[in-house]
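In the UniProt record's numbering, the protein residues as written are 1 to 63.
No residue lacks a Cβ here, since even glycine has one placed at the ideal position from N, Cα and C.
From a predicted model like this one, the values you see are computed outputs, not experimental measurements.
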Amino acid sequence: MHVHLVFVTKGVSSRRLRQEFPDLVSRYWRANKLWFGSYFAGTVGGAPLSVVEQYIEQQNRPV
Numbered sequence: 001m002h003v004h005l006v007f008v009t010k011g012v013s014s015r016r017l018r019q020e021f022p023d024l025v026s027r028y029w030r031a032n033k034l035w036f037g038s039y040f041a042g043t044v045g046g047a048p049l050s051v052v053e054q055y056i057e058q059q060n061r062p063v
């Protein structure tokens with residue numbers, strides 16, 4: 001059930017991103033997919049949302 005939810009979410013978000021940001025298609029489109037087939041799920045142990053947002057913002061981004 002959880003895996004299906006992840007794939008549906010990735011599919012919907014991919015379509016919406018391609019509609020809103022057409023340049024993503026030419027820059028990141030690989031094998032007709034915007035996302036990789038894998039995913040990661042984790043917990044944050046009750047950390048405040050601001051801490052999680054800060055952590056995500058500090059991650060490396062693709063060039």
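What is the residue span of the alpha helix (DSSP H) that residue i lies within?
{"i": "residue 119", "result": "A query on residue 119 cannot be resolved here, the shown segment of the chain reaching from 1 to 63 and no further."}
{"i": "Q54", "result": "L49 to E57"}
Suppose contacts are defined by Cβ-Cβ distances below 8 Å. Is residue i in contact with residue j by that definition?
{"i": "L34", "j": "S14", "result": "yes"}
{"i": "V6", "j": "Y39", "result": "yes"}
Round the Cβ separation of residue i and residue j to the nearest angstrom and send it over; I've been treating them as touching at under 8 Å.
{"i": "R18", "j": "V25", "result": "6 Å"}
From the DSSP output, in three-state form, read off residue i for me.
{"i": "F7", "result": "helix"}
Taking just the CA atoms, how far does residue j sit from residue i?
{"i": "E53", "j": "G45", "result": "14 Å"}
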